[in-house]
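So the structure is just underneath, and the comments pick up after that.
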Amino acid sequence: MLPEGTDKINVVRAPDTVNWKPRSKVWTVLQIVVFIVALIENFALPTVQEVNLLPYRVMLILFIVYLGITYIISFSNEKLRAKFNHKAQFYFAIGIGFTAWDILSTKTNILPLPFFPGPAQIIQVIVEDWSTLLMSTAYSMRLLVIGFIVGTFLGLVTGILMGWYRQWYYWFFPVLKVIGVVPAVAWIPVVMVIFPSTLVSEAALIVLCVWFPVAFMASGGIENIPKSYFEAAKTLGADEKFLIFKIAIPGAMPSIFTGIYTATGLSFTTLVVSEMVGAKAGLGWYINWAKGWSNYAKVYAAIVIMAVVFSIVLAIIFKIRDKVLIWQRGLLK
Numbered sequence: 000m001l002p003e004g005t006d007k008i009n010v011v012r013a014p015d016t017v018n019w020k021p022r023s024k025v026w027t028v029l030q031i032v033v034f035i036v037a038l039i040e041n042f043a044l045p046t047v048q049e050v051n052l053l054p055y056r057v058m059l060i061l062f063i064v065y066l067g068i069t070y071i072i073s074f075s076n077e078k079l080r081a082k083f084n085h086k087a088q089f090y091f092a093i094g095i096g097f098t099a100w101d102i103l104s105t106k107t108n109i110l111p112l113p114f115f116p117g118p119a120q121i122i123q124v125i126v127e128d129w130s131t132l133l134m135s136t137a138y139s140m141r142l143l144v145i146g147f148i149v150g151t152f153l154g155l156v157t158g159i160l161m162g163w164y165r166q167w168y169y170w171f172f173p174v175l176k177v178i179g180v181v182p183a184v185a186w187i188p189v190v191m192v193i194f195p196s197t198l199v200s201e202a203a204l205i206v207l208c209v210w211f212p213v214a215f216m217a218s219g220g221i222e223n224i225p226k227s228y229f230e231a232a233k234t235l236g237a238d239e240k241f242l243i244f245k246i247a248i249p250g251a252m253p254s255i256f257t258g259i260y261t262a263t264g265l266s267f268t269t270l271v272v273s274e275m276v277g278a279k280a281g282l283g284w285y286i287n288w289a290k291g292w293s294n295y296a297k298v299y300a301a302i303v304i305m306a307v308v309f310s311i312v313l314a315i316i317f318k319i320r321d322k323v324l325i326w327q328r329g330l331l332k
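For reference, each letter of the sequence shown is one residue, going 0 to 332 in numbering that gives the first Met the number 0.
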């Protein structure tokens, strides 16, 4: 309660930096309608390609139900309503794309098989070949997780040592410039000779491609911290351990996460290429195997799985970044 005679304070809610799209009832309804139209189109138009339409239709129905339930719940949830409205135009565009794609491929064969399968063919492959796709995904994720964790750890250690100690920078930076700038996939012949195991050689390539950007950005982040921070801490009696773990590393965190984000994209590329060259399992191997049989529906199905899995990995990294750098919320979006 304000003291007597004090003017009222007008509290203005800060704008949402994530779900910034203006509210529109039209778009929230249209995103549902367009998928209903896609479902009706799939039932109404004759099919000229041989395909099982049931999995695709079930997917459309489930997504329509999801949108409908979310729309109803959003009336009583402000945060959900803002998020739902923000994605409405994007979902509408996806619905238009699925409808056009289905018409041009499955319904009219303007995009002919085998090179341009429709959405129904791809969903059918995912449903029918789910066991092989699941095992391939598990193999790829095992490689990615092992290589990414080891590469990030080595990159952090190298970058922190280079950023803090001049001697480490003197000896390691030339090595970083020479080895790091070479694409990891260029080292495939060398790595396969050094490591007899395919699993170890592929993991080593991912370690290499992750190590460089993380080490480089960690070192640069520490070097760019204002010297006044360290001088102020020293006057208060801080030792070297405190300076490193309480000032240097936290101050370099934005740069470190930039390096981790860059390394994530590079690790995806390295993983797929290495599996295409010498692996006997994994999503990259699956694509290469399906291409050999000219089964492009399976190729696209593996690409869809990759897109979903890699998007989840990126989302997890962003969540961790937002938790660690909560003090920079609104500046990183």
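C-beta atoms are modelled at their ideal positions from N, C-alpha and C, and glycine is treated no differently.
Cβ-Cβ distance between residue i and residue j below 9 Å
{"i": "tryptophan 26", "j": "asparagine 84", "result": "yes"}
{"i": "leucine 59", "j": "phenylalanine 34", "result": "yes"}
{"i": "tyrosine 285", "j": "serine 135", "result": "yes"}
{"i": "isoleucine 159", "j": "alanine 247", "result": "yes"}
{"i": "serine 266", "j": "glycine 146", "result": "yes"}
{"i": "tryptophan 288", "j": "isoleucine 221", "result": "no"}
{"i": "tryptophan 167", "j": "threonine 151", "result": "no"}
{"i": "alanine 300", "j": "aspartate 101", "result": "no"}
{"i": "alanine 251", "j": "alanine 217", "result": "yes"}
{"i": "serine 130", "j": "leucine 282", "result": "no"}
{"i": "leucine 44", "j": "lysine 106", "result": "yes"}
Residue span of the alpha helix (DSSP H) that contains residue i, given as start and end
{"i": "isoleucine 311", "result": "295 to 323"}
{"i": "glutamate 49", "result": "Where glutamate 49 is concerned, there is no enclosing alpha helix (DSSP H), given that its DSSP letter is neither H nor E."}
{"i": "valine 184", "result": "Here valine 184 belongs to no alpha helix (DSSP H), and DSSP marks it neither H nor E."}
{"i": "asparagine 287", "result": "282 to 291"}
{"i": "alanine 262", "result": "248 to 277"}
{"i": "phenylalanine 34", "result": "24 to 43"}
{"i": "phenylalanine 211", "result": "197 to 222"}
{"i": "phenylalanine 229", "result": "226 to 234"}
Distance, residue j Cα to residue i Cα
{"i": "leucine 1", "j": "alanine 81", "result": "Note that leucine 1 has pLDDT 48, beneath the 50 cutoff, so the model's placement of it is unreliable and no number is given."}
{"i": "isoleucine 315", "j": "tryptophan 292", "result": "35 Å"}
{"i": "leucine 331", "j": "leucine 153", "result": "Only weak support exists for where leucine 331 lies, its pLDDT of 47 falling under 50; the coordinates are left without a value."}
{"i": "glycine 94", "j": "glutamine 30", "result": "7 Å"}
{"i": "glycine 277", "j": "proline 116", "result": "27 Å"}
{"i": "valine 184", "j": "leucine 270", "result": "9 Å"}
{"i": "glutamate 230", "j": "phenylalanine 194", "result": "47 Å"}
{"i": "lysine 176", "j": "valine 149", "result": "20 Å"}
{"i": "phenylalanine 215", "j": "isoleucine 205", "result": "16 Å"}
{"i": "valine 47", "j": "asparagine 108", "result": "7 Å"}
{"i": "proline 118", "j": "leucine 132", "result": "17 Å"}
{"i": "asparagine 294", "j": "isoleucine 63", "result": "30 Å"}
{"i": "aspartate 321", "j": "leucine 235", "result": "30 Å"}
{"i": "phenylalanine 244", "j": "threonine 261", "result": "24 Å"}
{"i": "lysine 240", "j": "phenylalanine 256", "result": "22 Å"}
{"i": "aspartate 238", "j": "tyrosine 228", "result": "13 Å"}
is_contact[residue i, chain C] using C-beta, thresh 9 Å
{"i": "alanine 280", "result": "The structure shown contains no chain C; it holds only a single protein chain."}
Original post:
Which ranges does the alpha helix (DSSP H) cover as unbroken runs of at least 4 residues, wholly within the stretch 85 to 167, from first to last along the chain?
Top reply: For the stretch 85 to 167, whole alpha helix (DSSP H) runs of length 4 or above, ordered along the chain, are 87 to 101, 118 to 127 and 129 to 163.
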